[in-house]
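Novice: Protein chains in written order, with the numbering used here: chain A, 506 to 896; chain B, 12 to 197; chain C, 54 to 249; chain D, 185 to 356.
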Amino acid sequence: MVSQSELVKEARENGMELLPLDKDTYELFFGPQHMATENFSIILKMDGHRVVKAIANPGFLHRGFEKLAEFRPWYTNIALLLRICVPEPDVPEAIYSMAVDELMGWEVPERAQWIRTVVLEMARVSSYLFWTMGLGFKLGVYTAGQWAAAYRERLMALFEELTGARVYHIYTIPGGVRRDIPSDKWLRQLKDTVEYIKDKLKDFDNVLFENYITHRRMEGIGVMDKKFALDEGVTGPNLRATGVAADVRKLDPYLFYPELDFEIPVLKEGDALARALVRRFELEQDLYILEQLLEMGPPSGAYKVQDPRLKALPRFKVPAGEAYAHVEATMGDFGAYVVSDGGSKPYRVQIRGPSIAHGIRVLEQLLVGARIADVPVILMSLGNCPPDIDR
Amino acid sequence: MVDWRLFEPLFNYARKKSLWIVAFCTGCGGIEMPPLMTSRYDLERFGMMPNPAPRMADLFLITGYVTPKTLKRIIITYELQPDPKYVLAHGSCPLNGGIYWDSYNAIKHLDRYIPVDVAIAGCMPRPEAVMDGIKKIMEMIENGTADGWKRYKENYEWYKKNQDELFGEGWREKEARRWIPWLKKK
Amino acid sequence: MIMGMKIKVAPEEEVKKRPSFIKPWMSLKYLFKKPVTIKIPYEPTQIAENYRGFHTLNWKTCIGCNMCGQICPARAIEMTWIEGEKRPHPKVDYGRCTFCQFCVDVCPTNALGFVSNYMLTTVWKDEELELFDWVPLPEEKVKKFTDYRHPLAKIEKLEDGKVRYVLRDGETVEFKILGYGLKPPKLQQKKEEKKA
Amino acid sequence: MAKEEVIVQKVLEKAPYAEGKVKRERRIEFKVPADRIREFLMIMKENNFESMMQITVVDWLKDGEFELVYQLWSYTYAVHAFVKTRIPRDLDKARMPTVKDIYPVAETYERDAHDFYGVYFEGNEKMEMPWILDDAEQGLFPHRKDFDWLGYTKRKYKILDRFDEDKDNYVI
Numbered sequence: 506m507v508s509q510s511e512l513v514k515e516a517r518e519n520g521m522e523l524l525p526l527d528k529d530t531y532e533l534f535f536g537p538q539h540m541a542t543e544n545f546s547i548i549l550k551m552d553g554h555r556v557v558k559a560i561a562n563p564g565f566l567h568r569g570f571e572k573l574a575e576f577r578p579w580y581t582n583i584a585l586l587l588r589i590c591v592p593e594p595d596v597p598e599a600i601y602s603m604a605v606d607e608l609m610g611w612e613v614p615e616r617a618q619w620i621r622t623v624v625l626e627m628a629r630v631s632s633y634l635f636w637t638m639g640l641g642f643k644l645g646v647y648t649a650g651q652w653a654a655a656y657r658e659r660l661m662a663l664f665e666e667l668t669g670a671r672v673y674h675i676y677t678i679p680g681g682v683r684r685d686i687p688s689d690k691w692l693r694q695l696k697d698t699v700e701y702i703k704d705k706l707k708d709f710d711n712v713l714f715e716n717y718i719t720h721r722r723m724e725g726i727g728v729m730d731k732k733f734a735l736d737e738g739v740t741g742p743n744l745r746a747t748g749v750a751a752d753v754r755k756l757d758p759y760l761f762y763p764e765l766d767f768e769i770p771v772l773k774e775g776d777a778l779a780r781a782l783v784r785r786f787e788l789e790q791d792l793y794i795l796e797q798l799l800e801m802g803p804p805s806g807a808y809k810v811q812d813p814r815l816k817a818l819p820r821f822k823v824p825a826g827e828a829y830a831h832v833e834a835t836m837g838d839f840g841a842y843v844v845s846d847g848g849s850k851p852y853r854v855q856i857r858g859p860s861i862a863h864g865i866r867v868l869e870q871l872l873v874g875a876r877i878a879d880v881p882v883i884l885m886s887l888g889n890c891p892p893d894i895d896r
Numbered sequence: 012m013v014d015w016r017l018f019e020p021l022f023n024y025a026r027k028k029s030l031w032i033v034a035f036c037t038g039c040g041g042i043e044m045p046p047l048m049t050s051r052y053d054l055e056r057f058g059m060m061p062n063p064a065p066r067m068a069d070l071f072l073i074t075g076y077v078t079p080k081t082l083k084r085i086i087i088t089y090e091l092q093p094d095p096k097y098v099l100a101h102g103s104c105p106l107n108g109g110i111y112w113d114s115y116n117a118i119k120h121l122d123r124y125i126p127v128d129v130a131i132a133g134c135m136p137r138p139e140a141v142m143d144g145i146k147k148i149m150e151m152i153e154n155g156t157a158d159g160w161k162r163y164k165e166n167y168e169w170y171k172k173n174q175d176e177l178f179g180e181g182w183r184e185k186e187a188r189r190w191i192p193w194l195k196k197k
Numbered sequence: 054m055i056m057g058m059k060i061k062v063a064p065e066e067e068v069k070k071r072p073s074f075i076k077p078w079m080s081l082k083y084l085f086k087k088p089v090t091i092k093i094p095y096e097p098t099q100i101a102e103n104y105r106g107f108h109t110l111n112w113k114t115c116i117g118c119n120m121c122g123q124i125c126p127a128r129a130i131e132m133t134w135i136e137g138e139k140r141p142h143p144k145v146d147y148g149r150c151t152f153c154q155f156c157v158d159v160c161p162t163n164a165l166g167f168v169s170n171y172m173l174t175t176v177w178k179d180e181e182l183e184l185f186d187w188v189p190l191p192e193e194k195v196k197k198f199t200d201y202r203h204p205l206a207k208i209e210k211l212e213d214g215k216v217r218y219v220l221r222d223g224e225t226v227e228f229k230i231l232g233y234g235l236k237p238p239k240l241q242q243k244k245e246e247k248k249a
Numbered sequence: 185m186a187k188e189e190v191i192v193q194k195v196l197e198k199a200p201y202a203e204g205k206v207k208r209e210r211r212i213e214f215k216v217p218a219d220r221i222r223e224f225l226m227i228m229k230e231n232n233f234e235s236m237m238q239i240t241v242v243d244w245l246k247d248g249e250f251e252l253v254y255q256l257w258s259y260t261y262a263v264h265a266f267v268k269t270r271i272p273r274d275l276d277k278a279r280m281p282t283v284k285d286i287y288p289v290a291e292t293y294e295r296d297a298h299d300f301y302g303v304y305f306e307g308n309e310k311m312e313m314p315w316i317l318d319d320a321e322q323g324l325f326p327h328r329k330d331f332d333w334l335g336y337t338k339r340k341y342k343i344l345d346r347f348d349e350d351k352d353n354y355v356i
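1) Between which two residues does the beta strand (DSSP E) containing C:Gly232 stretch?
2) Under a three-way DSSP split, which group does A:Ala777 fall into?
3) Alpha carbon to alpha carbon, what distance is there between B:Leu177 and C:Met54?
4) Report the start-end ranges of each alpha helix (DSSP H) in the stretch 108 to 140 of chain C that is 4 residues or longer and not cut off at the edges.
5) Can you look up A:Met506 in the DSSP assignment and give me helix, strand or coil?
6) Are there 16 or more other CB atoms within 10 angstroms of the CB of D:His264, so buried, or fewer, so exposed?
7) Let me know the secondary structure DSSP gives D:Lys351 once reduced to three states.
8) In the DSSP assignment, find the unbroken beta strand (DSSP E) run with A:Tyr531 in it and report its ends.
9) With 8 Å as the threshold, decide whether the Cβ of D:Leu317 is near any Cβ in chain A.
10) Quick check: is the beta carbon of A:Met506 nearer than 8 Å to any beta carbon in chain D?
11) List the residues of chain G whose Cβ lies closer than 7 Å to the Cβ of A:Ala649, in chain order.
12) Within 10 angstroms of its Cβ, does C:Thr225 collect 16 or more other Cβ (buried), or is it exposed?
13) Any beta-carbon of chain B closer than 8 Å to the one on A:Ile678?
14) Is the beta carbon of A:Thr740 less than 8 Å from the beta carbon of A:Gly775?
15) If the cut is a Cβ gap below 7 Å, which residues of chain B does D:Met313 touch?
16) Could you give the residue range of the beta strand (DSSP E) that holds A:Gln694?
17) Less than 8 Å between the C-beta atoms of A:Met638 and B:Pro45, yes or no?
18) At 4 residues or longer, and completely inside the stretch 136 to 165 of chain B: list those alpha helix (DSSP H) runs for me, N to C.
19) For B:Pro79, collect the residues of the same chain with a Cβ closer than 8 Å to its Cβ; drop the 5 residues on either side in sequence, then sort them by chain order.
20) When the cut-off is 8 Å and only beta carbons count, does B:Asp175 lie next to chain D?
21) Pop quiz: A:Pro537 and A:Phe565 are said to be a contact at Cβ under 8 Å. What is the actual Cβ separation, rounded to whole angstroms?
22) Please report the straight-line C-alpha distance between D:Lys351 and A:Gly840, rounded to a whole angstrom.
23) In or out: B:Ile125 buried (at least 16 other Cβ within 10 Å) or exposed?
24) According to DSSP, is A:Gly840 helix, strand or coil?
25) Do A:Ile560 and B:Trp182 have their C-beta atoms closer together than 8 Å?
26) Whose C-beta lies closer than 8 Å to the C-beta of A:Lys755 among residues of the same chain, with five residues either side of it excluded?
27) Quick one: which residues of the stretch 157 to 184 of chain B get their C-beta closer than 7 Å to a C-beta of chain D? List them in chain order.
28) If distances are taken between C-alpha atoms only, which option among B:Trp190, B:Lys195 and B:Gly133 comes closest to C:Phe107?
29) Does the Cβ-Cβ distance between A:Ala655 and B:Arg51 come in under 8 Å?
30) Quick one: is A:Gly650 buried, meaning 16 or more other Cβ sit within 10 Å of its Cβ, or exposed?
31) Short check: CB of A:Ala574 to CB of A:Asp595, under 8 Å?
32) Would you call the stretch 154 to 165 of chain C in contact with the stretch 87 to 105 of chain B, where contact means no fewer than 3 C-beta pairs closer than 8 Å?
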């Protein structure tokens with residue numbers, strides 16, 4: 506065995522020891538091998554247990570999606586681009602498909618739109634449950650985390666039945682969806698699941714959101730105000746927690762959302778607790794939306810556009826032009842900008858992940874002055890998702 | 012002086028029953044880790060749990076594709092783990108690049124850089140498949156055939172050559188000192 | 054704030070929550086409830102019928118059109134010329150396959166299909182990793198394994214390009230691989246000779 | 185008149201050098217010369233385009249130009265605006281003034297554009313700071329159209345592509 510002193514000596518020789526930066530401050534690598542950051546690194550300059558300066562260091566998940574998409578046919582890019590957002594892979598699928606639909610000038614059949622809306626909402630619910638789990642684990646409320654993970658499995662099973670895969674569904678395609686709804690049994694199961702999770706929300710409140718510990722740990726931490734949030738391009742629940750009533754589903758309605766009735770939560774505090782509570786309320790609203798959709802029932806008709814061009818799939822061409830489509834994901838505003846030059850492959854695809862706005866500059870500024878124990882809480886309350894920064 | 016090798020089967024049995032995992036999800040497969048660890052699939056039944064510190068962990072799960080930037084951290088973390096240590100690779104990507112076969116920023120053959128014991132197919136593998144892989148690695152530990160860490164020691168020169176070829180010489184030192192000028196800046 | 058549009062905003066009291074000391078204790082009632090854990094491997098799991106797993110290939114109806122190879126986003130499919138078959142058959146590399154099954158969707162004769170078997174675990178050794186690269190077998194040979202595992206036990210490479218697939222129940226499939234690519238291997242050889 | 189046309193007219197009155205049009209409902213487009221982009225974005229911000237969503241670089245290799253698309257979103261009107269400008273794509277000429285003092289978040293997007301395309305934004309101090317790319321790709325600008333992507337990948341990882349001989353037959 507190597508002794509401790511030998512290790513220290515070896516580290517010194519290789520220049521790997523912690524270097525004191527200025528007087529009383531030191532450098533701390535936070536992540537990527539850390540349970541709170543997961544594939545994201547923050548370099549902190551610490552004074553005691555206070556953060557003096559933070560630098561976000563993304564790029565651990567960079568695979569060059571935007572360039573890879575330029576080498577693959579229009580249609581198969583779905584199998585690639587959904588990997589940008591792992592907790593809710595239906596969102597990149599949906600935005601890319603919507604942008605291509607716009608370029609093609611397709612009117613997507615109503616049934617396909619209905620299925621897309623249901624899938625997006627299911628993805629939102631499962632993503633919020635995943636986030637609740639993360640928050641529970643980071644705050645030490647493990648009970649809530651275990652519940653959320655277990656309830657999410659019910660949605661995973663439904664996804665599996667509908668799309669044929671657990672996580673990477675590859676389901677929404679340009680012009681509709683890949684498969685029809687399997688049966689009425691599936692709709693009944695979805696209804697049961699929605700009711701089941703709705704029942705359990707009260708327990709989440711009891712354990713996590715109305716817990717004294719949660720409030721003490723999250724109140725007044727990582728505060729941002731309205732002007733700051735707008736300047737920094739923050740979107741989604743983080744923006745709503747600062748007092749801006751904004752939601753892409755309301756402002757730029759897509760799919761079935763204009764016909765649905767739902768409320769958006771707005772709080773003025775802008776701290777970590779407000780962000781968490783906004784998300785909590787949205788989970789409830791998403792379940793409500795799913796209920797409404799199920800009550801409506803799937804419209805009859807085709808689930809895919811009937812277009813002869815779709816037959817020669819690998820050489821399927823899209824007319825020249827550009828389109829931008831965006832949806833409201835759980836992290837924020839997820840957008841895709843697609844440029845075509847009339848060929849069988851996209852000329853340029855850019856995916857705008859919401860985390861690029863609130864995961865870099867906002868995080869760096871919110872962390873200054875925070876205690877080291879609050880760093881995971883701030884990260885979690887922002888809902889940072891590294892793959893959509895790195896792409 | 013006791014010949015500890017006599018007790019090796021006993022040790023192997025103990026190692027098999029208390030595999031701790033490094034909590035380092037390197038790719039998209041990381042999203043299947045929480046369901047595995049929590050109440051639905053409950054890996055703790057097998058005496059496994061995620062551990063934040065590599066110093067206390069035996070098993071390294073490479074959950075999906077690996078980018079060079081992450082590989083640097085994986086190598087450092089892997090070297091921090093005490094012997095014996097085991098590596099399990101999820102999915103297609105560590106094996107042959109997966110869907111990122113033409114990406115400049117995804118590793119194609121992981122076994123060139125660190126030794127891997129077990130491979131699982133799938134994109135991404137279901138929790139059941141991961142459990143199957145873990146069962147396999149447990150069998151291998153009991154037979155004493157999970158010898159990746161021995162290979163790493165024996166062929167260290169070869170592994171180091173491949174790593175240096177990819178990252179350039181002196182990458183460890185460079186990585187440690189990279190951010191100092193930026194932190195010192197006002 | 055938004056011009057000419059009314060956004061339904063939830064009342065603040067509904068969104069906000071009050072901290073409480075007592076409520077977290079309510080979760081104790083879960084002590085008396087049944088656990089949700091599936092006790093794998095002692096308990097079987099339910100998997101969707103059309104779960105996208107490994108491929109199957111009807112060798113009789115496959116016309117070797119390479120549509121699957123063209124649509125594959127990971128280029129996992131390689132056309133393989135087999136002795137005794139008129140047209141090449143796809144060979145799928147699970148070191149690249151992403152299980153999107155676009156290849157199944159575009160197959161014009163529905164020769165390519167998929168089953169819900171998804172489990173393939175091997176030791177990281179060259180001879181065992183061969184299992185990740187196979188010409189899919191007909192459906193009836195794969196479907197008889199209902200434990201969701203890959204049907205092959207091992208792939209043996211014999212002399213002069215012969216390959217033997219050993220299924221897990223002992224059945225063997227033997228064939229000779231002549232070459233890869235779209236053109237028949239004999240033509241390729243002639244071309245090379247011409248070039249030389 | 186639709187609200188989009190009103191906005192376009194209002195902006196064009198203040199900025200006569202720009203061209204503007206309505207693309208479709210809730211999407212408007214402006215074309216601005218590269219040297220007046222700061223001026224124009226200031227006008228846009230005054231006209232309630234509060235947030236910048238992204239800066240997209242499109243590499244038009246045939247024209248020898250980069251198209252920079254500044255995408256703005258207005259919460260007041262619920263309108264998405266594309267502000268397009270063109271600059272030469274040669275490495276030494278692809279320079280733009282930074283807009284980080286108008287939209288602070290632009291700093292991040294500019295770093296992104298610099299890392300992948302080599303557009304240099306003057307005035308942004310974080311231009312040289314390590315961003316997503318690793319050391320090996322630093323300065324190669326891998327998302328440019330003339331970057332030998334597949335060749336570089338093969339050289340870096342020493343892989344041999346099995347399909348080389350039939351390359352023309354594959355769409356990819």
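Beta carbons: idealized from backbone N, C-alpha and C, even for Gly.
Specialist: To lay it out plainly:
1) Segment Thr225 to Tyr233, the beta strand (DSSP E) holding C:Gly232.
2) It is helical.
3) At C:Met54 the pLDDT is 49, less than 50, meaning the model places this residue with poor confidence and gives no usable figure here.
4) List check, alpha helix (DSSP H) in window: 120 to 124.
5) In this prediction, A:Met506 has a pLDDT of 49, which is less than 50 and means its spatial position is unreliable; what the coordinates show is noted afterwards. In the structure shown, A:Met506 sits in coil (DSSP, three-state: anything other than H, G, I, E or B).
6) Answer is buried; the Cβ neighbour count reaches 16.
7) Confidence at D:Lys351 is low in this model, with a pLDDT of 47, below 50, so its placement is unreliable and the value that follows should be read with caution. In the three-state reduction of the DSSP assignment, D:Lys351 falls in the helix class.
8) Membership of A:Tyr531 in the beta strand (DSSP E) is indicated by the continuous run Thr530 to Phe535.
9) Output row for D:Leu317: interface = yes.
10) Interpretation of A:Met506 is limited by its pLDDT of 49, a score under 50 that renders its predicted location unreliable; the figure taken from the coordinates is listed afterwards. Interface annotation, A:Met506: not in contact with chain D, CB-CB separation never under 8 Å.
11) Within the model displayed, chain G is absent; protein chains A, B, C and D are what it includes.
12) Under this definition C:Thr225 is an exposed residue.
13) Residue-level contact check: A:Ile678 does not touch chain B, since none of the beta carbons of chain B fall below 8 Å from its beta carbon.
14) A:Thr740 places its beta carbon 8 Å or farther from that of A:Gly775.
15) For D:Met313, the neighbours in chain B by C-beta distance under 7 Å run, in chain order, Trp193.
16) Note, A:Gln694: premise wrong, no beta strand (DSSP E); alpha helix (DSSP H) at Asp689 to Phe709.
17) Using a Cβ distance threshold of 8 Å, A:Met638 and B:Pro45 count as a contacting pair.
18) List check, alpha helix (DSSP H) in window: 138 to 154 and 159 to 165.
19) The answer, listed in chain order, is Asn116, Ile118, Leu177 and Phe178.
20) Taking 8 Å as the CB threshold, B:Asp175 stays off the interface with chain D.
21) About 5 Å separates the two Cβ atoms, so the contact holds.
22) Residue placement at D:Lys351 cannot be trusted, given a pLDDT of 47 that sits under 50; what the coordinates show is reported in the next sentence. Cα to Cα, D:Lys351 sits roughly 34 Å from A:Gly840.
23) Buried, since its Cβ has 16 or more Cβ neighbours within 10 Å.
24) In the three-state scheme derived from DSSP, where H, G and I count as helix and E and B as strand, A:Gly840 is classed as strand.
25) Between A:Ile560 and B:Trp182, the gap from beta carbon to beta carbon reaches 8 Å or more.
26) These residues qualify, in order along the chain: Tyr762 and Ile769.
27) Taken in chain order, the members of the stretch 157 to 184 of chain B whose beta-carbon sits within less than 7 Å of a beta-carbon on chain D are Gly179.
28) The residue with the shortest Cα to Cα distance from C:Phe107 is B:Gly133.
29) Contact flag set, yes.
30) A:Gly650 should be labelled buried.
31) No, the pair does not count as a contact, with Cβ atoms beyond the cut-off.
32) They do not touch, by the three-pair rule.
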